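Asks: Counted the way UniProt numbering counts, the sequence shown spans residues 1 to 216. All C-beta atoms, glycine included, are put in the ideal place defined by N, C-alpha and C. Predicted model only: the values in this text are computed from it and were never measured.
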Amino acid sequence: MSRIGVAILVLIFAGTAFMAGFLVYNFSIVLYPVHPTHAAPLLAPITTTTVPPTTTTTTSTTSTSVLPSGAKVLPYDASNHTVFLYITSLSTGTPFNFNGTSNGELHVYIPAGWTVIVYYTNEEAIAHNFNIVQNDTPTPNNVNIEADGKVLLFVGTTSSTYESNGIASGESASGSIALPAGIYWFACGIAGHAESGMWGVIVSSTSVTEPYYVVS
Ligand SMILES: [Cu+2]
């Protein structure tokens, strides 16, 4: 073999060795990338804040209904916000009475917004009816109760016949209405009866917690 042939073989061998080494080096970079010289910084430790349990202090208030002297509690259902009003025009005394009272002697007090359920019975000789009026005068001063306010509820009559028709002696009728805070009358609507004394007062108030009535 000539010297030239030997030199060529040496060059081929050296080139192949170099390429092999280069490949190994590249693979080593791929397989073993630069080793971290420092540990990655730790995230701030998770702080667990323990919230103490909330203590609820319940103050129980015992509300004692203090009624005015002479007041009597009316039957009622607090869960339904209803008060029951049993009204009878008695056959004794004045013919223009509700439970024997007249001329605003009977005052009914109810919690604001409660519903009044009226059971009206007429034992009086002549026909009567029972109405609740949003009044605009202190007392009924006219033959027609609507001249002094707006009639909100008609019991034993209708909106168009209340001045002439009621229930006869021995009959009963009922009705109900929710009354927002305010002052109302209950009154017979037959012409002239309220003016003759057949009326009382209903006070609906936020300061009333238990329905009651007072006869003065
Ligand atoms: Cu009447």
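Spatial neighbours of residue 243 within its chain, please: C-beta separation below 6 Å, excluding the five flanking residues on both sides.
Replies: Lying before the first or after the last residue shown, residue 243 is absent from the chain, which here runs from 1 to 216.
Asks: Do residue 122 and residue 159 count as a contact pair if the criterion is CB distance below 9 Å?
Replies: Not closer than 9 Å, so no.
Asks: Hey, would you say residue 143 sits closer than 9 Å to residue 132, going by beta carbons?
Replies: Contact flag unset, no.
Asks: Could you pull the DSSP bridge partners for residue 178 from this structure?
Replies: In DSSP, residue 178 forms a bridge with 115.
Asks: Should the region 67 to 84 be called in touch with the region 140 to 156, which here means at least 3 C-beta pairs below 8 Å?
Replies: The region 67 to 84, when compared against the region 140 to 156, does not touch it at the 8 Å Cβ threshold.
Asks: Just how far apart, CA to CA, sit residue 185 and residue 110?
Replies: Rounded to the nearest angstrom, the two C-alpha atoms are 13 Å apart.
Asks: Should residue 128 be listed as close to ligand 1, given that the test is whether its C-beta is under 8 Å from any heavy atom?
Replies: Yes - ligand 1 has a heavy atom lying nearer than 8 Å to the Cβ of residue 128.
Asks: Hey, how far is the Cα of residue 213 from the Cα of residue 170?
Replies: C-alpha separation (whole angstroms): 25 Å.
Asks: Can you tell which of 114, 67, 138, 216 has its C-alpha closest to the C-alpha of residue 77?
Replies: Nearest C-alpha to residue 77: 114.
Asks: Residues in the same chain with beta-carbon distance under 7 Å from residue 196, minus the five sequence neighbours each way, listed in chain order, please.
Replies: Excluding sequence neighbours, residue 196 sits near 96.
Asks: Assuming residue 135 is part of the beta strand (DSSP E), what are its boundary residues?
Replies: Start and end: 130 to 135.
Asks: Where does residue 153 sit, in a helix, a strand or coil, going by DSSP?
Replies: Note: residue 153 maps to strand in three-state DSSP.
Asks: Looking at the structure shown, is residue 41 part of a helix, part of a strand, or coil, going by DSSP?
Replies: Because residue 41 carries a pLDDT of 35, less than 50, the predicted location of this residue cannot be relied on, and no value is offered for it.
Asks: According to the Cβ coordinates, are residue 206 and residue 112 closer than 9 Å?
Replies: The answer is yes: Cβ separation under 9 Å.
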